[in-house]
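These notes are about the structure you will find just below.
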Amino acid sequence: MGKSFVAFILLVAMTIPAGGQAAECQLPPFLPEYYAPAFTINGARLLPIGNKETNGVEQFAYLTADQRYALSVERIQCDRPRCLALFGNLQGYLSKEVKAKDGTVLELTRSDLSARVLERGTAKTVFSYILPGSTIIWTYSTTASDAGIAKMFNTIKSFANRQRCEQSFDDNVGMGFWGPQVHEYARQLMQEGEKQEALRILRRLVTTSPSNFDAHMDLIGITSDANEAKNSARVVFKNSEDPLLLLKVARLLNVPEPGSESPPFLTSEDKGLQLILVPLPPCNIQFLQDAAAIYEQITKIPVKIRKLRTDWSLRSPDRIFRQRDIQAFLTQEMKDKLDFKEWDKQRYVRALREVAESQNPMSAYHIRKLIDNLEKEPGQYEVAPYLGWFCRELKNYRSADSRTMYVGVTEVNIFSGDNNFVFSLHGGVEGLQASILSYKMMMAKTLSEEYESRPRLAERIAKELVPASLKTLGIPRSSDPKCPYSYSSGVERLDQKGLILSEQVEKEIDRFR
């Protein structure tokens with residue numbers, strides 16, 4: 004892909020007389036025949052003009068008969084760690100090229116890359132794909148329109164996904180690693196009407212990537228085996244965090260829709276040592292039920308789910324998504340003393356775009372992705388005012404028994420003070436105490452975790468319910484990091500906590516029984 008090979012292409016191209024005929028299109032021997040469409044650009048066939056091998060890099064050169072389009076295809080054989088290292092090196096090389104030659108990074112994932120540079124009137128578009136056992140680099144060059152070349156990235160990616168599937172199909176570890184790409188290929192087959200082949204791949208995929216619930220849903224949609232469909236539906240129903248998927252599989256399994264049952268209203272008859280969970284929409288009742296069962300196991304304190312007679316009303320968000328991180332980044336990059344007081348989401352977006360213009364291409368690409376997420380994600384809410392409202396609402400329903408604990412639970416993303424976020428906040432109004440807990444920052448989707456797990460989410464909620472509730476009793480926090488009543492600074496710390504209370508905390512609870 005370096006300058007020597009570009010020179011090599013041009014040197015060989017000069018040996019073809021103008022208007023002469025090159026050999027019929029012949030793919031590099033390491034590419035299956037289904038890659039053939041990648042060798043035609045805007046109706047012009049790319050014909051082989053030479054190949055060589057240098058330092059283990061196989062290089063094949065192609066040119067159209069009118070010499071308006073050139074292509075080099077390179078293969079570097081490597082095991083996965085070396086392929087990933089080479090891919091990282093390629094990113095660094097292209098970042099310098101793109102910055103120096105008025106280019107842009109078009110796409111970047113852990114296994115695929117697309118970038119475009121302009122050099123002396125020639126547009127070069129580079130695609131790179133990691134495969135099992137090799138890295139393939141495609142470089143299209145043209146002095147004509149490159150409109151058809153940009154579209155080729157996804158075309159070649161679909162072929163690469165097929166090859167990834169074929170080469171890793173019998174390898175459990177390989178299928179696990181290439182699961183997302185194999186799933187993309189299965190969906191492509193479904194769109195093309197190749198349902199039996201798609202079904203064969205999906206059956207294999209859900210055994211090597213059992214937490215790919217979208218793959219389970221695709222399998223459910225095309226299998227004619229009712230038992231197979233129900234087995235996948237049960238997997239999704241037990242494990243997914245996605246309310247829409249849970250709703251779909253509940254109907255298939257003919258079971259009550261998750262959270263469809265409405266909890267009873269709060270009443271002053273609730274007395275004694277117990278925890279009352281109050282859903283504050285948006286809130287998934289099924290998640291509360293799952294977490295309540297684990298909380299009871301941890302504390303031996305009974306739990307009830309009750310609802311308010313009045314809805315809580317959310318104002319506009321007090322912060323944008325990841326506001327503190329974005330402010331710190333802008334302050335560092337813009338070198339100005341910025342006053343963010345009157346900034347809204349669009350002002351942050353404009354500032355990020357300004358910064359992106361001065362960054363290296365890879366950083367600019369990631370900033371563009373951040374902007375995409377920022378525009379889609381809901382904002383954050385300062386929880387203290389809502390906690391005050393919650394405590395005042397509870398006043399109408401509480402008994403005089405101070406052992407009864409109340410926690411409002413929501414999916415809304417909350418924060419307090421200068422914190423990036425909080426799992427929960429405890430407080431009181433006129434001596435009446437309560438907490439509001441958010442599970443937003445415990446969810447796989449929010450955290451960009453590799454897979455969803457409703458049991459894991461239920462454990463996280465249950466463990467954080469322990470401090471959210473026991474603070475009402477005035478019990479001192481535990482210094483044992485495994486105790487669920489110890490402090491959690493983030494989800495990693497939350498996951499470190501166990502499901503068994505320290506002896507000290509158990510004794511404190513026993514005083515209230």
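Quick note: the sequence shown, position 313, residue 316 per this note's numbering, numbers continuous. Where a beta carbon is used, it is the ideal one built from N, C-alpha and C, also for glycine.
Cut-off 6 angstroms between Cβ atoms - residues of its own chain near ARG144, not counting five sequence neighbours on either side: Note that residue 144 corresponds to Ser in the displayed sequence, not to Arg. Contacts found: ALA73, THR125, LYS127.
Can you tell which of PHE418, SER456, GLU453 has its C-alpha closest to the C-alpha of ILE439? PHE418
Judging by CA-CA distance, which residue of LYS443, ARG254, SER131, PRO458 is the nearest neighbour of PHE426? LYS443
Segment contact, 8 angstroms Cβ cut-off, at least three pairs: the stretch 356-363 with the stretch 380-400: no
Among all the DSSP beta bridges, which residues are the ones paired with VAL185? DSSP, once it has assigned bridges, lists no residue as partnering VAL185.
At what residues does the alpha helix (DSSP H) containing GLY382 begin and finish? Neither: GLY382 is in no alpha helix (DSSP H) and is coded neither H nor E.
Are the beta-carbon atoms belonging to ARG457 and GLU244 less than 7 angstroms from one another? yes
Fully enclosed by the stretch 167-253, which alpha helix (DSSP H) runs are 4 residues long or longer? 175-180, 182-194, 198-211, 216-225, 229-242
Only counting runs of 3 or more residues, tell me where the beta strand (DSSP E) segments fall wholly within the stretch 433-482, in order along the chain. 435-441
Counting only C-beta atoms, is VAL252 closer than 7 angstroms to chain D at any point? Among the protein chains of the structure shown there is no chain D, as only one such chain exists.
When you compare only the Cα positions, how much space is there between LYS474 and VAL412? 16 angstroms
So, is VAL520 buried or exposed, given that buried needs 16 or more other C-beta atoms within 10 angstroms? Limits of the chain in this structure are 4 at one end and 516 at the other, which puts residue 520 out of reach.
Nearest neighbour of SER492, chosen from LEU428, ALA447, GLN436, GLY477 [CA to CA]: LEU428
Report back the beta-carbon spacing between TYR409 and ILE279 to the nearest angstrom; my notes put them in contact at under 8 angstroms. 5 angstroms
From the DSSP output, in three-state form, read off LYS303 for me. coil
In this structure, what does DSSP give as the bridge partners for THR270? Answer is none; THR270 lacks a bridge partner.
Sequence-distant residues of its chain with Cβ nearer than 8 angstroms to ARG277 (five each side left out): The residue you asked about is not Arg; residue 277 is Gln in the sequence shown. Cβ within range, chain order: ILE304, PRO305, VAL306, LYS307, ARG406, THR407, MET408.
Since THR146 and ASN175 are thought to touch, with beta carbons under 8 angstroms apart, how far apart are those beta carbons, to the nearest angstrom? Not really, about 48 angstroms apart at Cβ, beyond 8 angstroms.
Could you name the residues of the same chain whose beta carbon sits closer than 7 angstroms to that of PRO40, not counting the 5 residues immediately before and after it, in chain order? THR158
Work out the CA separation of ARG119 and VAL129 for me, nearest whole Å. 6 angstroms
Alpha carbon to alpha carbon, how far is MET155 from LEU34? Give it in angstroms, no decimals. 16 angstroms
Count the C-beta pairs between the stretch 108-119 and the stretch 365-379 that are closer than 8 angstroms, then say yes if the count reaches three, no if not. yes
Determine the contact status of GLN94 and GLU77, defining contact as a CB-CB distance below 7 angstroms. no
Could you work out which residue in ILE374, THR302, LEU373, TYR38 is closest to ARG165 when comparing CA atoms only? TYR38
Could you tell me if PRO470 is buried or exposed, where buried requires 16 or more neighbouring beta carbons within 10 angstroms of its beta carbon? buried
Suppose the cutoff is 6 angstroms on Cβ atoms and the five residues either side in sequence are ignored; what does the same chain contact list for SER505 look like? SER481, ASP483, CYS486
C-beta atoms of PRO320 and GLY420 nearer than 7 angstroms: no
DSSP state of GLY151 mapped onto helix, strand, coil: helix
Are the Cβ atoms of PHE216 and LEU248 separated by less than 7 angstroms? yes
Residue environment, ARG325, which counts as buried when at least 16 other CB atoms sit within 10 Å: buried
Over what stretch of residues does the beta strand (DSSP E) that includes VAL412 continue unbroken? 407-413
Nearest to ASN363 by CA position, among ILE52, SER472, SER98, SER75, is which residue? SER98
Going straight from the alpha carbon of THR107 to that of GLU100, what length do you get? 9 angstroms
Could you tell me how far apart the beta carbons of ASN287 and GLY151 are, in whole angstroms, since I believe they sit closer than 8 angstroms? At roughly 46 angstroms, the Cβ-Cβ gap does not stay under 8 angstroms, so ASN287 and GLY151 are not in contact.
Enumerated in chain order, which unbroken segments of the alpha helix (DSSP H) with a length of 4 residues or greater are wholly contained in the stretch 483-511? 494-499
Quick check on the burial criterion: 16 or more other C-beta atoms within 10 angstroms. Buried or exposed for ASN242? buried
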